[in-house]
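Heads up: the sequence lines are chains D and L, in that order.
Using our numbering, you'd call the opening residue of the first sequence number 1 and step up by one each time.
Using our numbering, you'd call the opening residue of the second sequence number 250 and step up by one each time.
Even glycine gets a Cβ: it sits at the ideal position worked out from N, Cα and C.
First the structure, in the form of structure tokens, and then the observations on it.
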Amino acid sequence: MKVLVCLSQVPDTTTKVKFIDNSKILDTNGIQWVINPWDELSLTRALELKDDASTGIKSVTVAHVGLAGSEPTIRKALAIGADEAVRINAEPQDAFYVATQLAEVIRKENYDLVLCGIESSDHNGSAVGGMIAEILDLPSVSAVSGIHINGGQILMSREIDGGRETVTVGSPFVAIVQKGIAKEPRIAAMRGIMMARSKPIRVINPVPSDSYTGVAGFELPTPRGACRFVDPENPKQLIDLLQNEAKVI
Amino acid sequence: MSVLVYAENWDGKFKKSTFELVSFASGVAEMMKSACIVFCVGSIERNELEKLGRYGAGRIIHGTGGNLDVFDSQVYTRIIADAAIKEGATVVILSNNNSGKTLAPRLSVRLKAGLGSGVSRLPLSINPFTVYKRAYSGNAFSHLTIKTDVRIITLAQNSFELIEKNNGGTIEEISIPLDSSLVKTQVKDVQKQTGKILLTDADVVVSGGRGMKSPDNWGPLVELAGLLGAATACSRPVSDEGWRGHEEHTGQTGKIIAPNLYIAIGISGATQHLAGVSSSKYIVAINSDKDAPVFEAAQYGIVGDAMKVLPKLVQAVKEIRAK
Numbered sequence: 001m002k003v004l005v006c007l008s009q010v011p012d013t014t015t016k017v018k019f020i021d022n023s024k025i026l027d028t029n030g031i032q033w034v035i036n037p038w039d040e041l042s043l044t045r046a047l048e049l050k051d052d053a054s055t056g057i058k059s060v061t062v063a064h065v066g067l068a069g070s071e072p073t074i075r076k077a078l079a080i081g082a083d084e085a086v087r088i089n090a091e092p093q094d095a096f097y098v099a100t101q102l103a104e105v106i107r108k109e110n111y112d113l114v115l116c117g118i119e120s121s122d123h124n125g126s127a128v129g130g131m132i133a134e135i136l137d138l139p140s141v142s143a144v145s146g147i148h149i150n151g152g153q154i155l156m157s158r159e160i161d162g163g164r165e166t167v168t169v170g171s172p173f174v175a176i177v178q179k180g181i182a183k184e185p186r187i188a189a190m191r192g193i194m195m196a197r198s199k200p201i202r203v204i205n206p207v208p209s210d211s212y213t214g215v216a217g218f219e220l221p222t223p224r225g226a227c228r229f230v231d232p233e234n235p236k237q238l239i240d241l242l243q244n245e246a247k248v249i
Numbered sequence: 250m251s252v253l254v255y256a257e258n259w260d261g262k263f264k265k266s267t268f269e270l271v272s273f274a275s276g277v278a279e280m281m282k283s284a285c286i287v288f289c290v291g292s293i294e295r296n297e298l299e300k301l302g303r304y305g306a307g308r309i310i311h312g313t314g315g316n317l318d319v320f321d322s323q324v325y326t327r328i329i330a331d332a333a334i335k336e337g338a339t340v341v342i343l344s345n346n347n348s349g350k351t352l353a354p355r356l357s358v359r360l361k362a363g364l365g366s367g368v369s370r371l372p373l374s375i376n377p378f379t380v381y382k383r384a385y386s387g388n389a390f391s392h393l394t395i396k397t398d399v400r401i402i403t404l405a406q407n408s409f410e411l412i413e414k415n416n417g418g419t420i421e422e423i424s425i426p427l428d429s430s431l432v433k434t435q436v437k438d439v440q441k442q443t444g445k446i447l448l449t450d451a452d453v454v455v456s457g458g459r460g461m462k463s464p465d466n467w468g469p470l471v472e473l474a475g476l477l478g479a480a481t482a483c484s485r486p487v488s489d490e491g492w493r494g495h496e497e498h499t500g501q502t503g504k505i506i507a508p509n510l511y512i513a514i515g516i517s518g519a520t521q522h523l524a525g526v527s528s529s530k531y532i533v534a535i536n537s538d539k540d541a542p543v544f545e546a547a548q549y550g551i552v553g554d555a556m557k558v559l560p561k562l563v564q565a566v567k568e569i570r571a572k
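Here it is in structure tokens:
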């Protein structure tokens, strides 16, 4: 079984974002780039499954759409334990453009299981995984918070409103994963970092594709007013404020 | 031309979030000078369907038959895409919940329609079609321009007010063809949580962090939530430690919520946590550290040990409720 994990690169999640050029583009000055948190969890789970020989997973490949500047992020994925990487050498235009590029890789290389994070922490589009599946006419399962392989069958738990379902679909398919899929992201060990240096990153050219959306600008949330403190000995005052001033209870 | 909104149902019932969605769609339709059509499928009684008409639906199309029992992403995508094409929809609107997130990107490809997800206001403009959506996990908002002739929008939950309006609301019944070869998803097991208020539906949320000190200390927090008719939530360390289930985790990588009131107890308020709750209308923080960042996001605060403040708060609510 061959597994592909789609990776996006995002600013470190503690970044206080700022925008430049009339609030049109992100100020990348001083930003630390990391693997999108959900993609990192997907990769972790893929590697955990591969570690268990009974799953029959032979390889875990990571794929990323980005220019050469994102190679450190790809190397990190290799250091964590991915076997190889594919970088589609293009600036990501929008979700549809990225999905088109990744779908092309999947079409050519026959992966049995494709893992995508449920969203990226920058554009929060929740788009690429589902788009890949529709482009390739493959089944997709979204909101996946657990994957197990039992006798060759891939079982997933997916979150539904007010509960959880265990589902299976035939391979190949796209699993769109969320929190819970792996406990904590796997961290690269020194040995992994050394080995990553010699692992292959295949660089391929993008296929022509449209983009459907574009960002016209950004804005920052309006700051809230100062916090009003209530005496800890008199929490009744808080209830009174919530009832009569905020009118929320 | 029309604006088509997909209204999901839960055991034949709609929720407040459905009516928010229809109110929003009706607002978009007004901006587009076109009709608002609600599309829903499955077994739904007539009096429930009629409720959709109160929030500006011009027509309500109710489909039955089809392979609807299992939520299969491909089957549902086809059904909604067919309806959108038949009705000449130029905007298709879904909720940004689990099923909306599943279907919207597939519909985007199928209908060659750009997707704006997690939208929290009416479009900023129609030409170009620009929506206001969450970006950088709540630390910013983007103005996203959708360049295609058809657009897909998912509406962030709890982000739009109910607006009552009568635009006709005629109900039409259609039947959806059955083809079981299309269904790829097999459900092996279902675990339902019953009797609990869903975090994403709740108007009030009471949430605990590491300041709760131990999984055994949750009693008064749950009691407070019960008294307020609130859902319970927690911070990431709490769910990582297994003190509470990960379905309660709110924050950047967990659930993104926007209740009217969010009470953060023993939560310091890391950027990643606040990103998940910053759209709440009111935030109350209870924390022993007066410099905790959570107080910067809160309108009301109490500096104090959660274990000492909580029982007093429970008592205060009880006394006020008793009056």
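Quiz item: Hey, would you say A278(L) sits closer than 7 Å to C289(L), going by beta carbons?
Solution: no
Quiz item: Could you give the distance in angstroms between the alpha-carbon of K575(L) and the alpha-carbon of T397(L)?
Solution: Since the first and last residues shown for chain L are 250 and 572, residue 575(L) lies out of range.
Self-check item: Residue from A127(D), E104(D) and G66(D) whose Cα sits closest to the Cα of F96(D)
Solution: Of A127(D), E104(D) and G66(D), the residue nearest in Cα terms is A127(D).
Quiz prompt | Contacting positions in the region 58 to 90 of chain D - beta carbon closer than 7 Å to chain L | solution = Cβ contacts with chain L: none found.
Exercise. For Y381(L), write down the residues that DSSP places opposite it in a beta bridge.
Key: Answer is H392(L).
Quiz item: Exposed or buried, G305(L), counting other C-beta atoms within 10 Å across all chains shown (16 or more means buried)?
Solution: buried
Practice problem: Could you run through the region 427 to 448 of chain L and flag, in chain order, every residue whose CB is less than 8 Å away from some CB of chain D? | Solution: K433, T434, Q435, V436, K437, D438, V439, Q440, K441, Q442, T443, K445 and L447
Quiz item: Among P221(D), C6(D), S59(D) and G162(D), which residue has its Cα nearest to the Cα of V526(L)?
Solution: Just measuring C-alpha positions, the residue of P221(D), C6(D), S59(D) and G162(D) sitting nearest V526(L) is P221(D).
Exercise. Could you tell me whether the region 509 to 524 of chain L touches the region 452 to 463 of chain L, using the rule of 3 or more Cβ pairs below 8 Å?
Key: yes
Quiz item: How far does the alpha helix (DSSP H) with V128(D) in it reach, from first residue to last?
Solution: V128 to I135
Self-check item: Contained alpha helix (DSSP H) runs [length at least 4] in the region 265 to 303 of chain L, N- to C-terminal order
Solution: 265 to 281 and 295 to 301
Practice problem: Run the CB neighbour count on A189(D), radius 10 Å, all protein chains shown included, and call it buried at 16 or more, exposed below. | Solution: Result: exposed.
Exercise. Look up R197(D) in the DSSP assignment and say whether it is helix, strand or coil.
Key: coil
Quiz item: Which of the three DSSP states, helix, strand or coil, is assigned to F218(D)?
Solution: strand
Quiz prompt | chain D contact for V566(L) (CB, 7 Å cutoff) | solution = yes
Practice problem: Determine the direct distance from the alpha carbon of V436(L) to that of K2(D), and round the result to whole angstroms. | Solution: 24 Å
Practice problem: For G251(D), name the three-state secondary structure that DSSP assigns. | Solution: It is not possible to answer for residue 251(D), since the shown part of chain D is limited to 1 through 249.
Exercise. Could you tell me whether any non-hydrogen atom of the ligand FMN is closer than 6 Å to the CB of I401(L)?
Key: Of ligands this structure carries none, so the ligand FMN is not represented either.
Quiz item: What in chain D is Cβ-close to A332(L), meaning under 7 Å?
Solution: Those within 7 Å of A332(L) in chain D number zero; the least Cβ separation is about 17 Å.
Quiz item: Is T502(L) helix, strand or coil by DSSP?
Solution: In the structure shown, T502(L) adopts coil according to DSSP, grouped into three states.
Exercise. Note down, in chain order, all residues in the region 534 to 547 of chain L with a beta-carbon under 8 Å from any beta-carbon belonging to chain D.
Key: From the region 534 to 547 of chain L, only A534, F544, E545, A546 and A547 have a Cβ closer than 8 Å to chain D.
Quiz item: Should I25(D) go down as buried or exposed, given a rule of 16 or more other Cβ atoms within 10 Å for buried?
Solution: exposed
Quiz prompt | Selection from V34(D), G146(D), A82(D) and V105(D) that minimises the alpha carbon distance to R164(D) | solution = G146(D)
Quiz item: Mind pulling the chain D residues with CB within less than 9 Å of W259(L)?
Solution: Within 9 Å Cβ-Cβ: D161 and G162.
Quiz prompt | Cβ-Cβ distance between G337(L) and M281(L) below 7 Å | solution = The answer is no: Cβ separation not under 7 Å.
Quiz item: In terms of DSSP beta bridges, what is V60(D) paired with?
Solution: V3(D)
Practice problem: Taking only runs that begin and end inside the region 326 to 367 of chain L, name each unbroken alpha helix (DSSP H) of 4 or more residues, in chain order. | Solution: 347 to 359
Exercise. Would you mind telling me which residues of chain L sit closer than 7 Å to R224(D), beta carbon to beta carbon, in chain order?
Key: A546 and Q548
Practice problem: Compute the beta-carbon to beta-carbon distance between I342(L) and L270(L), rounded to the nearest angstrom, for a pair I have assumed lies under 8 Å. | Solution: 7 Å
Self-check item: Contact set for K18(D): own chain, Cβ-Cβ below 7 Å, skip 5 residues either direction
Solution: D27
Exercise. Buried or exposed for I187(D), please, with buried defined as at least 16 other CB atoms from any protein chain shown within 10 angstroms of its CB.
Key: Looking at its Cβ environment, which holds fewer than 16 other Cβ atoms inside 10 Å, I187(D) is exposed.
Quiz item: Using a Cβ-Cβ distance under 7 Å, would V203(D) count as near chain L?
Solution: no
Self-check item: For H123(D), the three-state DSSP class (helix, strand or coil)
Solution: coil
Quiz item: Is the beta carbon of I395(L) sitting closer than 7 Å to the one on G363(L)?
Solution: yes
Quiz item: Name the residues in the region 304 to 315 of chain L whose C-beta lies less than 9 Å from a C-beta of chain D; which are they?
Solution: none
Exercise. Could you tell me which of L447(L), W492(L), P354(L) and S529(L) sits nearest to V98(D), measuring between CA atoms?
Key: P354(L)
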